[in-house]
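Student: Got a structure here, written out as structure tokens. Questions coming.
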Amino acid sequence: MTGQHKGLTTMISQSGPQRYISDNEAYDQLPGFMADLKVKTVLFLHGQKSLAAAQPYLPAWPADVDVVDVPFGGECSYEEIARVRAIADENDVDMVIGLGGGKVLDTAKSVTTGTHRYLVLIPTLASNCSPWSAISVHYKESGEHVDHEIYLETANLMLLNPKVILNSPIEYFVAGIGDTLAKFYESELIFKQLPEDQYTVALTISQQMANNCKDVLLKNAIGAVEDMKAGKLTPRWRQVAETVTVMAGTVGGWGDDYGRASGAHAIHDALTIFPETAPHLHGAKVAYGILVLLAIEGQEDDIKDLLPFYRALGLPTNLAEVDLGHASEADIEKVAEAAADPSTQMHFVPTEKPVTAAVVREAIATVEQVSAKVAI
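Laid out in structure tokens, this is it:
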């Protein structure tokens, strides 16, 4: 086995936020939480659209708390992190509240890590597991992927209002489904190849949560999307939404490197090199990456099984559907080399031989062929 999974060494589990509330009145818990912690100054980082969506449900700020309002700059970049951190330092804030999508929340995590400041995360989208995880993914201002960091801390509080997420753009929900499905496919072989005597309870939880991600989504995701389109807050929709934001986060949280992102995310990161893929959300590109990962592993039957599910949701099944249909051989080689670089998460894929650029290039070609053969 290649990669870092030859033997179980020290594994660090970070199960999730210290406190989590999912309820239509979840935001009402915020003033009391701030009072209990004797918070005096808050930096409120938010997207503009996210704030508009959440505003009807947000309680009034406590009269004895100063609030520094900071609109988000658009990317979780090192430049944006430095800007927000400087504002936090200048105002000597006690707490940072991040409200919005994954990039807003990741920025808030990057600002508070290693400091005395409390962190509250309020997701307004079900598009990834950022609200639950201790990870921030960093990008250039252009949107190109840079790296990710795993922090020592998780959020002090996470508040999820299902009504807010139900009314969010449907494409983010679909992308979240794609991102969450990767939790199973990226960890499946890693868990299968672990000897029984290396399993801990934490790994057992991680594997079970990965299995649950797949089972819940394949059974309920298509129906949940229909519920969301109809504006119906059904138990089925809520289960899928919380699978994306919560259950997905527990896979890597409990399993550490054994449950982290691997090949599918490496493909996503490589795709961000090309500006034409920018309109496609993170989870959509990860979903395409799952197909390439399965091709790397020689699991063509699994690709065929997933294609109808992908097409029902509108997830990309080939290069054309991530706007790289006219990519040259040199472009494909660029994607393959970036994805197979030893510094990427591709090294977590437990194959007999290292995953080289040639292997990735061949896998991309396989996905094109299988996708074309399986009737729409």
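So the sequence shown is numbered by the UniProt record's numbering: it starts at 1 and just counts up by one.
Note that CB positions come from ideal geometry on N, CA and C, so glycine has one too.
1) So is P17 buried or exposed if we call it buried at 16+ other beta carbons inside 10 Å?
2) From the DSSP output, in three-state form, read off K373 for me.
3) Closest to residue 382 by CA distance: which of F33, P131, T112 is it?
4) Hey, out of D227, H265, D269, N220, whose CA is closest to T243's CA?
5) Per the DSSP calculation, T41 is bridged to which residue(s)?
6) For G178, write down the residues that DSSP places opposite it in a beta bridge.
7) Sort out for me which residues DSSP pairs H145 with in a bridge.
8) Once DSSP output is grouped into helix, strand and coil, what is the label at V74?
9) By the 10 Å Cβ neighbour count, where 16 or more other Cβ atoms means buried, how is G7 classified, buried or exposed?
10) Extract the residue ranges of the alpha helix (DSSP H) inside the stretch 231-264, only unbroken runs of 4 or more that lie entirely within it.
11) Run the CB neighbour count on Q207, radius 10 Å, all protein chains shown included, and call it buried at 16 or more, exposed below.
12) Under 6 Å Cβ to Cβ from I267, same chain only, skipping five residues before and after it: list those, please.
13) What separation, rounded to the nearest whole angstrom, lies between the Cα atoms of C213 and L194?
14) DSSP has M158 in a bridge; who is on the other side?
15) Go to residue 385, then tell me how far its beta strand (DSSP E) extends in each direction, as first and last residue.
16) Near D147, which residues of its chain fall below 7 Å by C-beta distance, leaving aside the five closest residues on each side in sequence?
17) So L271 packs on V335, CB below 8 Å; how close in whole Å?
18) Return the CA-CA distance between V111 and I21, expressed in angstroms with no decimal places.
19) Which residue marks the beginning of the alpha helix (DSSP H) containing Q48, and which one marks its end?
20) Going straight from the alpha carbon of Q345 to that of A363, what length do you get?
21) If I measure Cβ to Cβ from R260 and keep anything under 6 Å in the same chain, skipping five residues before and after, which residues do I get?
22) In the structure shown, what three-state DSSP assignment does I12 receive?
23) Based on Cα-Cα distance, which residue from V93, K109, D94, L58 lies nearest to I81?
24) Classify I273 as helix, strand or coil using the three-state DSSP reduction.
25) Three Cβ pairs or more, each shorter than 8 Å: is that satisfied between the stretch 183-203 and the stretch 147-160?
26) Can we say the stretch 114-121 touches the stretch 88-104, given the rule of at least three CB pairs closer than 8 Å?
27) Does the contact criterion of 3 or more C-beta pairs under 8 Å hold for the stretch 168-185 versus the stretch 217-236?
28) Alpha carbon to alpha carbon, how far is S328 from G114? Give it in angstroms, no decimals.
29) Short of 8 Å in beta carbon distance, which residues of its chain neighbour A35, apart from the five on each side in sequence? Order them along the chain.
30) For L217 and W237, what's the separation of their Cα atoms in angstroms?
31) In chain order, what residues of the same chain lie with their CB nearer than 8 Å to the CB of Y77, ignoring the 5 residues before and after it?
32) Please name the residue in K38, G255, D106 whose C-alpha comes closest to that of A210.
33) For N167, count neighbouring C-beta atoms within 10 Å of its own C-beta (all shown protein chains included) and say buried if the count is 16 or more, exposed if not.
34) Can you tell me the Cα-Cα spacing of G263 and E186, whole angstroms?
35) Buried or exposed, going by whether 16 or more other CB atoms sit within 10 Å of the CB of I135?
36) Inspect the CB distances between the stretch 53-61 and the stretch 86-94 and report whether three or more fall short of 8 Å.
Tutor: If we stick to the structure as given:
1) buried
2) For K373, the three-state secondary structure derived from DSSP is helix.
3) No answer is possible for residue 382: the residues shown for the chain start at 1 and end at 376.
4) N220
5) Bridge partners of T41: D66.
6) Beta-bridge pairing links G178 to no other residue.
7) Y139
8) According to the sequence shown, residue 74 is Gly rather than Val. In the structure shown, G74 falls within a coil segment according to DSSP collapsed to helix, strand and coil.
9) Caution applies to G7, whose pLDDT of 43 falls short of 50 and renders its modelled position unreliable; the model cannot decide the point.
10) With a minimum length of 4 residues, the continuous alpha helix (DSSP H) runs that stay inside the stretch 231-264 are 235-242, 248-255.
11) buried
12) G289, V292, A339
13) 20 Å
14) Y20, L121
15) It is not possible to answer for residue 385, since the shown part of the chain is limited to 1 through 376.
16) H138
17) Indeed they touch by this definition, with Cβ atoms about 6 Å apart.
18) 23 Å
19) 48-54
20) 16 Å
21) Once the five neighbours on either side are set aside, the close Cβ partners of R260 are G252.
22) coil
23) K109
24) coil
25) no
26) yes
27) yes
28) 44 Å
29) P62
30) Distance between the alpha carbons of L217 and W237 is about 10 Å.
31) Per the sequence presented here, residue 77 reads as Ser, with Tyr not at that position. These residues qualify, in order along the chain: H138, Y139, K140, E141, V146.
32) G255
33) By the 10 Å Cβ count, N167 comes out exposed.
34) Distance between the alpha carbons of G263 and E186 is about 7 Å.
35) buried
36) no
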